[in-house]
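For reference, the structure is listed below as structure tokens.
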Amino acid sequence: MDHLVELQALVGASQVLTGADAEAFEVDWRERYRGRARAVVRPGSTDEVAAVVRYCAQAGIPVIPQGGNTGLCGGATPDNSGQAVILSLQRLNRVRGIDTENDTMDVEAGCILQSVQQAAREAGRLFPLSLAAEGSCTIGGNLATNAGGTQVLRYGNMRELTLGLEVVTAQGEIWHGLRGLRKDNTGYDLRDLFIGSEGTLGVITAATLKLHPLPVARCTALLALDSIAAAIDMLARARAGLGPALTGFELMAGNCLQEVARCFPQQRIPFEGASAQLPWFALLELSDSESEAHARERFEVVIGEALEAGVVQDAVIAESMAQSHALWHLRESIPLAEKESGKSIKHDVSIPVSRMAEFVEQTNAALQAAFPGIRHVIFGHLGDGNLHYNVARGADWAEGQLLARQDDVYALVHARVHAVGGSISAEHGVGQLKRDALPQFKDPVEMALMHQIKAALDPQGMFNPGKVLQAQ
Ligand code: FAD
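Quick note on this note's numbering: the sequence shown kicks off at 113 and runs consecutively.
What follows is the structure, encoded as structure tokens:
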């Protein structure tokens with residue numbers, strides 16, 4: 113049987129891509145993983161997704177769900193066998209409906225995050241998930257990785273923003289779970305099982321998302337700090353002084369901002385002299401229900417007190433939306449500057465905020481002792497205890513020399529994360545990148561339950577094999 117012909121019959125000949133047309137789908141965003149697929153199949157509806165899954169189940173073809181392909185753990189990249197089908201959800205991109213009284217919207221999995229934010233805004237509501245890949249990542253990928261981003265501090269991650277799901281199961285059945293209910297205690301929570309499952313349990317085809325009131329005004333401030341301890345002190349002050357109006361608190365090492373300014377000369381660090389050379393910067397966002405002037409005043413009080421107390425060394429409060437955007441642009445350009453500067457070893461770790469300073473100080477020292485001269489590239493969502501703790505080669509290291517030792521770097525950093533009660537994946541997921549590390553750090557009972565859930569929902573192991581869990 114010619115599988116490609118059968119798949120073409122299900123979705124249309126032009127929606128089954130092979131050869132050069134499939135190449136962009138076979139490599140991940142960071143170009144760390146490259147595989148080979150039998151084909152990329154692009155269904156246009158939930159029924160077509162179900163038909164493709166039924167066909168693949170019966171033919172024993174592995175299925176790899178893919179959205180915008182911006183994931184950072186190789187979760188949407190096939191292996192080299194050429195057996196799997198990449199199931200691209202990009203054509204399922206309709207907003208099915210917005211219910212402003214219920215503050216919910218139903219969207220299909222292939223909707224680009226930015227277009228969902230835009231549709232919510234046009235309806236006078238806020239969909240708060242926000243991350244640097246929002247122009248190309250999809251709601252399905254955000255759900256499958258339980259994405260976080262820059263507003264988690266106030267609104268929670270994707271799990272907290274989702275009320276219902278529509279999912280195609282491994283049997284090719286459709287679970288119609290698009291419920292707009294805040295309360296529904298009718299048994300096991302299947303929604304929460306599929307969110308964060310990274311395409312290993314089912315294909316998410318649509319979701320009911322929670323909406324929030326649109327803030328009247330937003331204000332952004334960039335603070336220059338001399339230590340992480342000072343940043344944590346400032347976080348506590350901002351939380352106490354601003355309450356739920358504090359919608360973002362990002363931490364960035366000074367060398368990250370310097371790298372952005374070097375790679376993208378149109379961007380500049382808005383401090384002069386010694387302040388521009390300080391080791392840490394924090395980006396704060398305040399969402400206000402009155403006015404921009406009111407937002408600025410609130411910032412001025414809290415930041416002014418911190419300046420007086422010597423917690424903050426210098427501060428810029430944006431005077432306009434354009435300035436706010438420029439400050440956010442600095443933060444969002446860090447991963448792009450990192451990519452420009454060559455391959456680094458990334459860790460997306462979760463640390464109790466109270467142990468963050470100790471973690472960074474001790475892990476930096478241990479890394480320098482083991483790999484002298486490496487560069488630390490540290491930034492992240494301090495308000496959520498989430499650091500992107502990345503390691504790049506120093507001037508003395510040849511291209512590829514550090515990457516050749518990446519397993520030793522991972523082992524050192526992950527051990528330190530574990531020692532302070534953290535998690536080796538805060539928001540990017542496991543994919544293939546952290547699959548083999550997982551059993552070392554997770555409770556054995558938890559690992560066994562995860563394998564049992566996988567076997568129950570996907571007994572053939574057809575969905576995204578080799579991701580999240582090792583084969584048993
Ligand atoms: P893909 O990369 O296509 O897939 C990711 C995983 O989800 C894969 O395992 C795939 O199999 C699965 N999947 C995709 N769609 C479906 C579906 N419909 N059903 C079932 N499984 C599916 N993440 C954060 O959490 N916070 C950040 O701040 C953040 N910033 C980022 C910045 C940049 C510049 C980049 C490139 C990435 C960033 N990410 C961040 C990573 C993040 O995981 C993704 O951007 C996004 O959530 C993935 O969406 P996607 O549509 O690209 O998914």
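Backbone N, C-alpha and C fix where the C-beta goes; we use that ideal spot for every residue, glycine too.
DSSP places Cys331 in the uninterrupted beta strand (DSSP E) bounded by 329-337.
Restricting attention to Asn254, Arg271, Arg291, Gly311, the CA atom closest to the CA of Ala282 is found in Gly311.
Gln230: member of the alpha helix (DSSP H) spanning 225-234, first to last residue. In the DSSP assignment, Trp287 falls outside any alpha helix (DSSP H) and lies within the beta strand (DSSP E) extending over 286-289. Just so you know, the alpha carbons of Leu204 and Leu581 end up roughly 28 Å apart.
The C-alpha of Val123 is placed about 32 Å away from the C-alpha of Ser242. The C-alpha of Gly353 lies about 21 Å from the C-alpha of Pro325. Proximity of the beta carbon of Leu499 to ligand 1 is not indicated: no heavy atom of the ligand is located closer than 8 Å. Not one heavy atom of ligand 1 sits closer than 8 Å to the Cβ of Cys331. Minimum Cα-Cα distance from Lys451 among the listed residues Ala418, Val315, Glu371 corresponds to Glu371. Its chain contains Asp460, Lys546 as the residues whose beta carbon lies nearer than 7 Å to that of Ser537, once the 5 sequence neighbours on both sides are disregarded; these appear in chain order. By the neighbour-count definition (other C-beta atoms within 10 Å, threshold 16), Val503 is a buried residue.
Excluding residues up to 5 positions away in sequence, Ala149, Pro174, Ile176, Pro190 lie with their Cβ nearer than 6 Å to the Cβ of Ala196 in the same chain.
Where Arg208 is concerned, the enclosing beta strand (DSSP E) starts and stops at 207-211. Looking at the backbone, the Cα of Gly186 and that of Phe575 are separated by about 15 Å.
Fewer than three beta-carbon pairs drawn from the segment 299-308 and the segment 326-338 are found closer than 8 Å, and the two stretches are therefore not classed as touching. The Cβ atoms of Ala134 and Ile198 lie closer than 9 Å to each other. Nearest neighbour of Leu273 by Cα position, chosen from Tyr522, Val280, Arg294, Gly497, turns out to be Arg294.
Per DSSP, the continuous alpha helix (DSSP H) segment holding Arg443 begins and ends at 433-444. Judged by DSSP secondary structure, Gly360 falls within the beta strand (DSSP E) whose first and last residues are 358-365.
Ala343 is a Cβ neighbour of Ala394, given a cutoff of 9 Å.
With a cutoff of 9 Å on beta-carbon distance, Met364 and Ile486 are scored as not near each other. Within the same chain, Val328, Ala329 come within 7 Å of Ser403 by CB-CB distance, once the 5 residues on both sides are set aside.
The Cβ atoms of Leu313 and Lys566 sit closer than 9 Å to each other.
Taking Arg380 as the centre and dropping the five residues before and after it, the same chain places the C-beta of Ala373 closer than 8 Å to its C-beta, in chain order.
Per DSSP, the unbroken alpha helix (DSSP H) holding Ser387 starts and ends at 385-388.
Glu362 is positioned such that its CB atom lies no closer than 9 Å to that of Thr298. When Trp440, Ser309, Phe411, Phe383 are compared, the shortest CA-CA separation from Ala357 is found for Phe411. If you draw a straight line from the Cα of Ala568 to the Cα of Leu561, it comes to about 10 Å. When secondary structure is reduced to three states using DSSP, Ile463 falls in the coil class, being assigned neither helix nor strand.
Within the DSSP secondary-structure output, Trp392 pairs in a beta bridge with Leu337, Ala365. The beta carbon of Val532 sits closer than 8 Å to those of Ile463, Pro464, Arg467, Glu470, Phe471, all from its chain and outside the five residues before and after it, given in chain order. Annotated three-state conformation of Asp400 is strand, per DSSP. Annotation for His488: the continuous beta strand (DSSP E) segment containing it runs 487-493. Sequence-distant Cβ neighbours of Ala516 in its own chain, meaning closer than 8 Å and more than five residues away, do not exist here. If you compare the alpha carbons of Met559, Val219, Leu550, Gly156 with that of His530, the shortest gap goes to Leu550.
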